[in-house]
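Using UniProt numbering, you'd call the opening residue of the sequence shown number 1 and step up by one each time. The next block holds one structure in the form of structure tokens; read it before the comments.
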Amino acid sequence: MGHYFCDPETGNTTCYPGWADVSSNCTIPTDECDNVDCQNGGTCVDAHLNFTCVCPDAYFGDRCQFNVCDNITCNNSGQCVGFGECSCQQGFSGNFCEIAPQKQDPESTMVPFWAAIVLFCLLAIILVDVVLVSCYRYRRSPEAMKQPLVQQNATYDANLAIDNFQHINSSGESPQHVYTLDEEGHNDPPVDLLDQQPKFVDGAYPGDANMWGSSPPSSPLDTSDTKAFAFDLDEESKDNMTNTRRSVD
């Protein structure tokens, strides 16, 4: 059965739309896109008894003959792209690039004077805190706490050496050992006072007015160095003290 009809006036056979080839009783479907031109890069898709133009972006219509940007105006040299959107130049904004870039006030970028003062005060407080904490930690450190102890022990050793010498010289008792400290606070070897007595010169000991003149030195024994008490004895006194030490031993 064909897709045609007979014209009653002429008696000719005519195919229905979408069909062709009268000789085969109009049984061959026609391509609707054969006579269709889709514009602006559109693509025609055949459908029975119809066609469809698939349009690219920004175009529409049965043959893609219209552009959505035809009725859109982008300001400030903006360009319409896509589905009617405006692509604006640098600095401009808005749906139609109507908003111009705002000029920055140079004064607005400057730090206020009061803010600079506050910042300076904060930095000063932080610096003072750091110094105070450092001083506190140093005073609590073992090195800082050891220095007074070494100095006190050194003074004690010097006084003990002088007292022992005076006691031996007056009573003739056996000597005592003196223990001194080095710079790091450790004990040095004991000092035997028998070997370190002051030398008796011209009837006077060091510091006596007969030896030094009208006035002896204010500090006859230098106790600043507690590691050395170097004294000499005359032969008779040294022999007596040596005999006393042997009898004690």
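We put the CB at the ideal spot given by N, CA and C, even for glycine.
Non-local beta-carbon contacts of residue 91 in its own chain, meaning distances under 6 Å to residues more than five positions away in sequence, involve 101 in chain order. Listed as beta-bridge partners of residue 116 by DSSP are no residues whatsoever. Inter-residue distance for residue 120 and residue 114 is about 10 Å (C-alpha atoms, whole angstroms). The secondary-structure analysis by DSSP pairs residue 29 across a beta bridge with 19. Taking each of 95, 57 and 141 in turn and checking the Cα distance to residue 75, the smallest one comes out for 95.
The beta carbons of residue 84 and residue 72 sit closer together than 7 Å. The beta carbon of residue 68 sits closer than 7 Å to the beta carbons of 58, 60, 83 and 84 from its chain, once the five residues preceding and following it are set aside; these are given in chain order. In the displayed model, residue 35 falls within a helix according to three-state DSSP.
In this chain, the beta strand (DSSP E) harbouring residue 87 covers 85 to 87. Beyond the five residues adjoining it in sequence on each side, residue 89 comes within less than 8 Å, by CB distance, of 76, 77, 78 and 97 in the same chain, given in chain order.
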